[in-house]
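When we follow our numbering, the leftmost residue of the sequence shown carries the number 1, and every step to the right adds one.
Structure first, commentary second.
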Amino acid sequence: MTPLRDYSPSHLAYSYSRTSPVRIITPYPEPPFFPPPLIKECPRELCEKVVKVLRTIAVDESEIERLRQLFGQMREFTRDQKALFKSMDKDEDGTVTEKELTDFLAAQKVKDEQYAREIIAEFDSSQDGKLDVDEFLNIFLPAGGVGLRAAEWYPDPRAQPVDGGLPASVTSQAARILEREIAFLKNRSAAWEPLASESEESLADLFNQIGRGRPEIMMTDLIWFCERYGFMPSTEDLEAILRRCDHDADRCLTFEEFAEMIGRSHEELMAERKAREEKSAEEREAELEKWR
């Protein structure tokens, strides 16, 4: 058997989970060796649909990350990161609500301000329908900005507070990031549509094919799958996918994370699997009754 080539990058990769403020600095883990299992080959059309989702996430998230990096270099923003949060938190309850975010988008003349709910859902790790300071800053801080994250809790004593309101450069750059986030949500929803009718069984088979029989998808598996269907992901692309999909920051994708990545509810898929297994058990029992 020809051994699989090593897809791991030669340098350390910087990443973080979008639902966790913790930055992980580790190389891609090497998967343990397993004998090649008997894996059902999924239709090429289904695989290409999933690769389209991965490409959309990689390209759009990479573009948003570049905007975050520019924002992180703006002294007007970094000297008081919470000033932007406080400017949106009109009722001063420590959270940004859907209405407050919608009002900010409308004031900045951003189209499709009705996407405020989707933006909050994307970064709301506590799932309370609002954004606290950490969740809010995850939208705007770059992934590699460990120092910027530390500055939130250990501010520079020489830094002066923002007086007289936020500079227009800060609000306009924040609006630009949010506008690009809205475009990303639109593009991803469009890539999700062809997968909405796929059954749980076909998605489970695809998960097993990508993971090559393992209970989770390693980054080496994902690269192999993408390259097989025409998408050659760079390290930047893989980091973008991890930021959006790897919620526990272990640099692997579980079936639950895989289901969310392609726009399907894990609970619904599990309910569909249970119903399918119960139906199969009933059919087997009926078949056995014929021979009794």
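C-beta atoms are modelled at their ideal positions from N, C-alpha and C, and glycine is treated no differently.
Only a predicted model underlies this, so the values are computations on that prediction, with no experimental measurement involved.
Classification of residue i by the beta-carbon crowding that lies within 10 angstroms, buried from 16 upward
i, result
"Q127", "exposed"
"K111", "exposed"
"L314", "What is shown of the chain runs 1 to 292, which leaves residue 314 out entirely."
"R251", "buried"
"L105", "buried"
"P43", "exposed"
"D93", "exposed"
"R188", "buried"
"D248", "exposed"
Opposing strand residues paired with residue i [DSSP bridges]
i, result
"M218", "C252"
"V170", "Answer is none; V170 lacks a bridge partner."
"L131", "V96"
Residue i at chain D interface by Cβ criterion, 8 Å
i, result
"E239", "The question asks about chain D, but that chain is absent: this structure has only one protein chain."
Other residues of its chain near residue i: CB distance less than 6 Å, five sequence neighbours each side excluded
i, result
"G211", "I217, D221"
"E272", "E200"
"S365", "What the structure shows of the chain is the stretch from 1 to 292, and residue 365 is not part of that stretch, so it cannot be assessed."
Residues near residue i by beta carbon distance below 8 Å, same chain, minus five either side
i, result
"P167", "E76"
"K40", "D205, N208, Q209"
"R276", "E200, E201"
"I177", "I64, L67, R68, F71, I139, F140"
"L185", "Y115, E118, I119, E122"
7 Å CB neighbourhood of residue i in its chain, flanking five on each side removed
i, result
"E65", "P142, A143, A240"
"E100", "M88, D89, K90"
"K52", "A191"
"T102", "E113, A116"
"F255", "F207"
For this session: Check whether the region 66-76 touches the region 211-231, counting contact only when three or more Cβ pairs, one atom from each stretch, lie closer than 8 Å.
Result: No: fewer than three Cβ pairs fall under 8 Å.
For this session: Mind the definition here: the region 172-191 touches the region 203-217 only if three or more C-beta pairs lie below 8 Å; say whether that holds.
Result: These segments do not touch.
Exercise. Are the region 74-93 and the region 257-271 touching by the rule of at least three beta carbon pairs closer than 8 Å?
Worked result: Touching, no.
Problem set entry | Ranges of the beta strand (DSSP E) found wholly within the region 50-81, counting only runs of at least 3 | Under the rule that a run must span 3 or more residues, no beta strand (DSSP E) segment is found entirely inside the region 50-81.
Exercise. Pairing CB atoms from the region 192-201 with CB atoms from the region 244-252, are three or more of them under 8 Å?
Worked result: They do not touch, by the three-pair rule.
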